[in-house]
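Trainee:
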Amino acid sequence: MKLNKSLFALIALLGISVSTFAQSEDDAIKETINNYLDGGAVGDTARLNRAFFPYANLRNLSKEGKVSEMPVKKFIAAVPAGGAKWTSKIVNYSYAGTAATAVTEEELPTFKFVDFLNLLKINGEWKIVSRVYSRVEKNVAVASSSPSGGGFSTASSVAPAKGNAAAKKPAPKPKPSDDGWK
Numbered sequence: 052m053k054l055n056k057s058l059f060a061l062i063a064l065l066g067i068s069v070s071t072f073a074q075s076e077d078d079a080i081k082e083t084i085n086n087y088l089d090g091g092a093v094g095d096t097a098r099l100n101r102a103f104f105p106y107a108n109l110r111n112l113s114k115e116g117k118v119s120e121m122p123v124k125k126f127i128a129a130v131p132a133g134g135a136k137w138t139s140k141i142v143n144y145s146y147a148g149t150a151a152t153a154v155t156e157e158e159l160p161t162f163k164f165v166d167f168l169n170l171l172k173i174n175g176e177w178k179i180v181s182r183v184y185s186r187v188e189k190n191v192a193v194a195s196s197s198p199s200g201g202g203f204s205t206a207s208s209v210a211p212a213k214g215n216a217a218a219k220k221p222a223p224k225p226k227p228s229d230d231g232w233k
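Each number in the working numbering corresponds to the 1-based position in the sequence shown with 51 added.
What follows is the structure in structure tokens.
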């Protein structure tokens with residue numbers, strides 16, 4: 052009986068420490084993301100520098116449809132002194148080990164940015180190593196998929212394609228190619 056009580060106490064203690072570790076990781080990831088969001092909103096370059104890895108890059112598609120890349124140092128230098136004056140939120144985030152990903156929205160008066168952030172835990176600190184973003188209309192919602200949720204869902208205002216989808220033949224499957232994992 053004494054062994055059962057000791058075993059129960061040990062399991063409870065381990066459960067508390069795992070929960071505390073997970074909570075501290077959640078807090079650390081959210082702090083990094085909020086350093087970016089809040090720092091950008093008010094023009095606090097110290098917070099922006101705390102959020103980003105020094106060699107991080109920001110990418111999006113230009114109006115011409117080409118990939119545009121900006122080093123984070125150039126981005127931070129371009130932030131207006133009073134900030135971007137956006138309202139922002141963390142849509143979601145997830146992590147495993149030393150890698151994390153997050154989706155954020157920054158809303159301005161006439162449009163919003165949707166960011167897909169990749170983070171790494173470097174020397175014990177979470178840092179944003181890349182930002183891939185899109186400038187969209189304010190009413191466009193983030194589309195997401197969830198294996199447990201039954202697939203793809205979206206609340207965007209994109210209209211479905213016209214025509215009889217059932218009459219169309221499915222596109223041929225692409226041929227396998229060298230993906231570099233050999």
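All C-beta atoms in this analysis are idealised placements derived from N, C-alpha and C, irrespective of residue type, glycine included.
How big is the Cα-Cα spacing for valine 154 and phenylalanine 167?
Mentor: Those two C-alpha atoms are separated by around 5 Å.
Trainee: Using the C-alpha atoms, what's the distance from glutamate 115 back to threonine 83?
Mentor: Approximately 32 Å, taken between the alpha carbons.
Trainee: Between valine 187 and the rest of its own chain, which residues show a CB-CB distance below 8 Å, the 5 nearest in sequence each way excluded?
Mentor: Here the set comprises Phe162, Lys163, Phe164 and Val165.
Trainee: Spatial neighbours of glycine 214 within its chain, please: C-beta separation below 6 Å, excluding the five flanking residues on both sides.
Mentor: Only weak support exists for where glycine 214 lies, its pLDDT of 37 falling under 50; the value from the coordinates is given anyway. None.
Trainee: Going by DSSP, what residues sit across from tyrosine 146 in a beta bridge?
Mentor: Ala151, per the DSSP bridge assignment.
Trainee: At which residues does the alpha helix (DSSP H) containing asparagine 102 begin and terminate?
Mentor: Note that residue 102 is alanine in the sequence shown here, rather than asparagine. That run of the alpha helix (DSSP H) goes 96–102.
Trainee: In or out: alanine 92 buried (at least 16 other Cβ within 10 Å) or exposed?
Mentor: Per the 10 Å Cβ criterion, buried.
Trainee: The alpha helix (DSSP H) that contains valine 123, what's its start and end?
Mentor: Unbroken alpha helix (DSSP H) run through valine 123: 123–129.
Trainee: With a threshold of 16 other CB atoms inside 10 Å of the CB of valine 118, please say whether the residue is buried or exposed.
Mentor: Exposed, since its Cβ has fewer than 16 Cβ neighbours within 10 Å.
Trainee: For valine 180 and asparagine 111, which I take to be in contact (beta-carbon distance under 8 Å), what is that distance rounded to the nearest angstrom?
Mentor: The Cβ separation is near 16 Å, so there is no contact.
Trainee: Would you call the CB atoms of threonine 96 and isoleucine 127 closer than 8 Å?
Mentor: Closer than 8 Å, so yes.
Trainee: Please name the residue, chosen from Phe104, Asn85 and Ser75, that lies closest to asparagine 174 on a Cα-to-Cα basis.
Mentor: Per the Cα distances, Phe104.
Trainee: Suppose you measure from the CA of leucine 99 to the CA of glycine 90; what does that come to, to the nearest Å?
Mentor: Distance between the alpha carbons of leucine 99 and glycine 90: 5 Å.
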